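Student: One structure follows; several queries about it will come next.
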Amino acid sequence: MTEQKKSVFDKNAIKDAVHESAEKLENVTHDAKEQVLDVVAETQEKLQTEAKQLNASVQEQLGQLKQDVLQKIEALKAQFGSSPKDLGELKDFVKTEFSAIIEDLSKLGKELKEDVSSISVKHKDQLAETFKRSKEHTLEAWKKVNPSKTEKNEETDQA
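Residues 157 to 315 (my numbering) are what the sequence shown spells out, left to right.
Encoded structure:
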């Protein structure tokens with residue numbers, strides 16, 4: 157064969173190989189796409205099923221909680237009684253207890269106020285004493301540093 161025929165034959169073979177590979181690639185792509193769609197659909201169905209089961213479980217738990225609360229309320233009603241007399245006694249008891257608590261808090265507040273006042277007075281007295289001592293020490297130090305001016309100031313203060 158001649159060179160031209162060989163190159164034409166090679167080109168045709170390459171074209172056929174490329175065309176064949178492209179078809180295979182299309183088929184593989186199509187198969188992969190179908191598998192992905194199947195998996196997505198299957199996953200969606202599973203998620204919907206799980207969501208329904210979860211919703212049912214939550215609804216069941218809420219129902220159980222509601223039933224438990226109602227039972228507790230009924231137990232409390234049974235303990236306190238539901239007659240007007242029992243409720244009146246309960247009301248009076250609660251009022252009495254609250255009044256006692258308010259009175260105790262009032263007394264405690266007054267005692268705290270008195271304690272704070274006495275602490276404030278003591279603190280004020282201590283500050284005044286500290287200020288007085290500080291002033292005296294400062295004057296003594298000033299006299300030691302500058303005795304001539306201090307004596308003249310004292311003489312004019314006394315006159």
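We put the CB at the ideal spot given by N, CA and C, even for glycine. Predicted model only: the values in this text are computed from it and were never measured.
Expressed to the nearest angstrom, what Euclidean distance is found between the alpha-carbon atoms of I229 and V277?
Tutor: 55 Å
Student: Could you give the first and the last residue of the continuous alpha helix (DSSP H) run that contains S239?
Tutor: Taken as a continuous stretch (DSSP letters only), S239 belongs to no alpha helix (DSSP H), as it is neither H nor E.
Student: Once DSSP output is grouped into helix, strand and coil, what is the label at N302?
Tutor: coil
Student: What's the gap between the Cα of H175 and the Cα of L203?
Tutor: Whole-angstrom Cα-Cα distance: 42 Å.
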